[in-house]
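Visitor: Respectively, the protein sequence lines represent chains A and B.
In terms of this note's numbering, the first sequence opens at residue 7 and continues consecutively.
In terms of this note's numbering, the second sequence opens at residue 100 and continues consecutively.
Ideal Cβ positions, reconstructed from N, Cα and C, are used throughout, including at glycine.
Nothing here was measured: the structure is a model prediction, and the numbers come from that model.
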Amino acid sequence: MAIKKFVVGSFEEEEVLFKAVRKVRSAGYKLYDVYTPMAIHGLDKAMGLRDTSIPTAGFIYGISGTTTALLGISYTLVWDWPLNIGGKPHFSLPAWIPIMFELTVLFSAVGMVLTFCYLCQMAPFVRKHHFSLRATDDRFVMVIECTAKTNEEELKLFLSQAGAEEVHTQMAETGWWLGSYSRNRKTFENPNAILA
Amino acid sequence: MSLRERFEITSGFRMWSRGLIGVGVLSLIIGFFVYGTGDDAHQAKFWGVLLHNSIYFLMVTNAVMFFFAATTLAMAGFQISFKRVTEAIAACVPVIGTITFIILLIIVFGHKSMIYEWLDKTKVAKDAALSGKRGFLNPGFFMTWTIAAIGLWSLIGLKMRQISRKSDDHPMSLEEGKKFVFKNTVWAALFIVWYALTVAAVIPWLWMMSFAAHWYSTLYSWYIFASTFVAGVALISIFVVYMKNKGYLEYTNREHLHDLGKFQFAFSIFWTYLWFAQFMLIWYANISEETIYFKARAEGAYSGIFFLNLVINFLAPILIYMSTPSKRNYTIVTFMSVALLFGHWLDFYQIVFGSILPDHVTMNLFDFGIAAGFVGIIIFQTGRVMSKYPLLAKNNPFFKESIIHYT
Chain A
7 MAIKKFVVGS
17 FEEEEVLFKA
27 VRKVRSAGYK
37 LYDVYTPMAI
47 HGLDKAMGLR
57 DTSIPTAGFI
67 YGISGTTTAL
77 LGISYTLVWD
87 WPLNIGGKPH
97 FSLPAWIPIM
107 FELTVLFSAV
117 GMVLTFCYLC
127 QMAPFVRKHH
137 FSLRATDDRF
147 VMVIECTAKT
157 NEEELKLFLS
167 QAGAEEVHTQ
177 MAETGWWLGS
187 YSRNRKTFEN
197 PNAILA
Chain B
100 MSLRERFEIT
110 SGFRMWSRGL
120 IGVGVLSLII
130 GFFVYGTGDD
140 AHQAKFWGVL
150 LHNSIYFLMV
160 TNAVMFFFAA
170 TTLAMAGFQI
180 SFKRVTEAIA
190 ACVPVIGTIT
200 FIILLIIVFG
210 HKSMIYEWLD
220 KTKVAKDAAL
230 SGKRGFLNPG
240 FFMTWTIAAI
250 GLWSLIGLKM
260 RQISRKSDDH
270 PMSLEEGKKF
280 VFKNTVWAAL
290 FIVWYALTVA
300 AVIPWLWMMS
310 FAAHWYSTLY
320 SWYIFASTFV
330 AGVALISIFV
340 VYMKNKGYLE
350 YTNREHLHDL
360 GKFQFAFSIF
370 WTYLWFAQFM
380 LIWYANISEE
390 TIYFKARAEG
400 AYSGIFFLNL
410 VINFLAPILI
420 YMSTPSKRNY
430 TIVTFMSVAL
440 LFGHWLDFYQ
450 IVFGSILPDH
460 VTMNLFDFGI
470 AAGFVGIIIF
480 QTGRVMSKYP
490 LLAKNNPFFK
500 ESIIHYT
């Protein structure tokens, strides 16, 4: 939870955005994030993001689902209350495989959705700052974090030269908060008060 | 970038394809003198080996044809960059189909009842179950379906390859492109309907399920389809990797290989699903006339092959192909493709021989020799077709989509 200073540039075209992302990275600015109305193939690589670890998490959830099913069925059907069903052995794996499979899918699916929401900090009543609402409509919005070394005016000029239609500075909360947007907005109205 | 238009057959390629065919012919001759003229068990081995290999490799190349038709019908862009390789492999269908047809002709009209027990008229008359199936399991019906199936697979495949090659003459206008896509769609749809009627229904029942004519399973044909489709995509992958290594297919890259890997992975799981569905229902119901099928396989002489089959075709793909980088790695894809081709060959082995020679496994050099012969035929025919026609379908309306393909 920290309030930081960001320079926000809005782009109209995908091709311009790609070139700008590469320029910003090679110039050494700290690229915070890029917000786009739709998924863009290859942007993650251009931004230098690491591969997602969702698959690994999914595998772990899946394995725990399989184990849960196996242990649960073994407990009820073999250890706690053995029943003779059609003369089959108590420990009869083929009959259990469908349930083990279902729990694997259930655990991995639900687990991955929850992990995804956690990583994106999405949950009911949780708010996050929007840098530009047009990122949900028709603009590609690139956000660059200002560090102690960043010269803000130079960066703004750099972004407009790279093809940004609109460039401005914003103070923004980087984390999430509970409550409404309007109440917390007020805190950021006077950037200098907070920075000082 | 200069494009290499056609595949040039190198001396090594020629030597390997002819050498493998030579091994196959030699095995056939030796096998005929060792097994072909002996008693029933020997003849069952001889004709069983020929049937096993010819049906397997015919179904695999035909599954490649199905891959081609299905992706064409779905207007899949990714396959266009290596489309000619798929087509070249599919061109093996008429060749191997003819061989299979001749073998089936000799078996059926030579009354080889050690292969198909329903060919024995006196046995059928005494057996209530077999005489009840006489309308389906008789030489006339069997051969009619065989001729129609192999003939139409070959003809529609030929027609689709012709349409594809015609596009090489000159660049297409928008109108021509639309017409071309529609024409492809019609023929691909026709092929798929016929494929569904034959491979996903009648042909495996006739050719393979009738080894054990008393036993039946409704999803048997689907199981055979899944098995051959995995092997077919594996075959395409091997050829694509080979061509890449030789410097052809300039526009095919890891993205396309990734999609082929996904196909192999997905259909390996599908195969396992069908395998398990068939096994579990029979295991659960526990009716002796149904469980007899698994007696020789899960518990008898074939149990080793039966479970090895599950390891190669299910455990290996699910563990190795699970992650993205492995599907994009040429070495891993080649290794897995070869493993899957062999794994499904083993699957067919236990399907065929678990029924006709249930008492003990007789796998020996004769099996591998004949298999080598068919592999040689596939290499020879595919190489010949690839060297004859352009490798890039550069006027195809989806060609650009294939180049910029990104997964």
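1. Report all residues from its chain with a CB closer than 6 Å to the CB of residue 477/B; omit the five preceding and five following residues, and keep chain order.
2. In three-state DSSP terms, what is residue 93/A?
3. Sort 209/B, 196/B and 270/B by Cα distance to residue 238/B and report the nearest one.
4. Is it buried or exposed for residue 164/B, if we count other Cβ within 10 angstroms and need 16 for buried?
5. In whole angstroms, give me the CA-to-CA distance for residue 285/B and residue 166/B.
6. Less than 8 Å between the CB atoms is what I'm expecting for residue 445/B and residue 491/B, so what's the real figure, rounded?
7. Between residue 48/A and chain D, is the shortest Cβ-Cβ distance under 8 Å, so that the two count as touching?
8. Between the alpha carbons of residue 91/A and residue 379/B, how many angstroms are there, rounded?
9. Out of 89/A, 153/A, 54/A and 85/A, point me to the one whose CA is closest to residue 40/A's CA.
10. Opposite residue 16/A in the DSSP bridges: which residues?
11. Could you tell me whether any Cβ in chain A is nearer than 8 Å to the Cβ of residue 495/B?
12. Using a C-beta to C-beta distance shorter than 8 Å, which residues of chain B count as neighbours of residue 92/A?
13. Can you confirm whether the region 112–127 of chain A touches the region 84–99 of chain A when touching is taken to mean that 3 or more C-beta pairs between the two stretches lie within less than 8 Å?
14. Say whether chain B places a C-beta atom closer than 8 Å to the C-beta of residue 45/A.
15. Closer than 8 Å is the cut-off here; do at least three beta carbon pairs connect the region 146–156 of chain A with the region 29–47 of chain A?
16. Strictly under 8 Å for the Cβ-Cβ distance: is residue 422/B near chain A by that measure?
17. Within the continuous alpha helix (DSSP H) that includes residue 493/B, where are the two ends?
18. Sort out for me which residues DSSP pairs residue 177/A with in a bridge.
19. Look at the alpha carbon of residue 197/B and the alpha carbon of residue 23/A, and state the distance between them as a whole number of angstroms.
20. Sorted by chain position, which residues of the same chain lie with C-beta nearer than 8 Å to residue 25/A's C-beta, five sequence neighbours on each side aside?
21. Could you please tell me which residues of the region 95–110 of chain A, in chain order, have their CB closer than 7 Å to any CB of chain B?
22. Just reading off the beta strand (DSSP E) that residue 144/B is part of, what are its end residues?
23. Looking at chain A, is there any beta carbon in it that lies within less than 8 Å of the beta carbon of residue 392/B?
24. Flag this pair as yes or no: are the beta carbons of residue 472/B and residue 119/B separated by less than 8 Å?
25. Could you give the first and the last residue of the continuous beta strand (DSSP E) run that contains residue 36/A?
26. Suppose the cutoff is 8 Å on Cβ atoms and the five residues either side in sequence are ignored; what does the same chain contact list for residue 449/B look like?
27. Grab the span of the alpha helix (DSSP H) containing residue 451/B for me, first residue to last.
28. Using the C-alpha atoms, what's the distance from residue 138/A back to residue 182/B?
29. What residues in its chain sit with their C-beta under 8 Å from that of residue 222/B, if we drop five residues either side in the sequence?
30. Is the beta carbon of residue 322/B closer than 8 Å to that of residue 377/B?
31. At 9 Å on the CB atoms, spell out the chain B contacts of residue 61/A, in chain order.
Guide: Quick answer:
1. Your numbering for residue 477/B matches position 378 in the second sequence. Result list for residue 477/B: 191, in chain order.
2. For the purposes of this step, residue 93/A is taken as residue 87 along the first sequence, with counting starting at 1. It is coil, neither helix nor strand.
3. Along the second sequence, read from residue 1 onward, the residue named residue 238/B stands at position 139. That would be 209/B, whose Cα lies nearest to the Cα of residue 238/B.
4. Taking the second sequence and counting its residues from 1, the one referred to as residue 164/B is at position 65. With 16 or more Cβ atoms within 10 Å of its Cβ, residue 164/B is classed as buried.
5. Your numbering for residue 285/B matches position 186 in the second sequence. Your numbering for residue 166/B matches position 67 in the second sequence. Rounded to whole angstroms, residue 285/B to residue 166/B spans 15 Å at the Cα level.
6. Within the second sequence, residue 445/B is the residue found at index 346, counting from 1. Within the second sequence, residue 491/B is the residue found at index 392, counting from 1. At roughly 36 Å, the Cβ-Cβ gap does not stay under 8 Å, so residue 445/B and residue 491/B are not in contact.
7. Among the chains of the structure shown, chain D does not appear; the protein chains present are A and B.
8. Mapped onto the first sequence, residue 91/A falls at position 85. Mapped onto the second sequence, residue 379/B falls at position 280. Between the C-alpha atoms of residue 91/A and residue 379/B there is a straight-line separation of about 15 Å.
9. One-based indexing of the first sequence puts residue 40/A at position 34. With distances taken between Cα atoms, residue 40/A lies closest to 54/A.
10. Locating residue 16/A in the first sequence gives position 10, where the first residue counts as 1. DSSP lists 147/A and 172/A as partners of residue 16/A.
11. Counting from 1 along the second sequence, the entry for residue 495/B is found at position 396. Not an interface residue.
12. Position 86 of the first sequence, counting from 1, holds the residue named residue 92/A. What residue 92/A touches in chain B: 383 and 385.
13. no
14. Along the first sequence, read from residue 1 onward, the residue named residue 45/A stands at position 39. Not an interface residue.
15. yes
16. Counting from 1 along the second sequence, the entry for residue 422/B is found at position 323. Answer yes: the Cβ-Cβ gap between residue 422/B and chain A drops below 8 Å somewhere.
17. As a first step, residue 493/B must be located in the second sequence, where it is residue number 394. Annotation for residue 493/B: no alpha helix (DSSP H) segment contains it, and DSSP assigns it neither H nor E.
18. For the purposes of this step, residue 177/A is taken as the residue at position 171 of the first sequence. For residue 177/A, which the question treats as bridged, DSSP gives the partners 11/A.
19. Start at 1 with the first residue of the second sequence, and residue 197/B comes out as number 98. Start at 1 with the first residue of the first sequence, and residue 23/A comes out as number 17. Roughly 58 Å separates the two Cα atoms.
20. Residue numbering aside, residue 25/A sits at position 19 when the first sequence is read from its first letter. For residue 25/A, where only same-chain residues beyond five positions count, the Cβ hits under 8 Å are 168 and 169.
21. 100, 101 and 103
22. Looking up residue 144/B in the second sequence gives position 45. Counting along the chain, residue 144/B falls outside any beta strand (DSSP E), though it belongs to the alpha helix (DSSP H) covering 139–172.
23. Sequence index remark: in the second sequence, residue 392/B carries index 293 (1-based). No, its Cβ sits nowhere closer than 8 Å to a Cβ of chain A.
24. Position 373 of the second sequence, counted from the start, is the residue given in the question as residue 472/B. Position 20 of the second sequence, counted from the start, is the residue given in the question as residue 119/B. Taking C-beta atoms as the reference points, residue 472/B and residue 119/B count as a pair closer than 8 Å.
25. In the first sequence, the residue the question calls residue 36/A occupies position 30. For residue 36/A, the enclosing beta strand (DSSP E) starts and ends at 36–41.
26. Counting from 1 along the second sequence, the entry for residue 449/B is found at position 350. Taken in chain order, the residues that qualify are 396, 401, 404, 405 and 408.
27. Looking up residue 451/B in the second sequence gives position 352. Run containing residue 451/B: 429–455, per the alpha helix (DSSP H) assignment.
28. Your numbering for residue 182/B matches position 83 in the second sequence. Your numbering for residue 138/A matches position 132 in the first sequence. Cα to Cα, residue 182/B sits roughly 45 Å from residue 138/A.
29. Within the second sequence, numbered from 1, the residue matching residue 222/B stands at position 123. So the list reads 212, 216 and 229, once near-sequence residues are dropped.
30. Numbered from its first residue, the second sequence carries residue 377/B at position 278. Numbered from its first residue, the second sequence carries residue 322/B at position 223. Contact: yes.
31. Start at 1 with the first residue of the first sequence, and residue 61/A comes out as number 55. Simply 421, 422 and 423.
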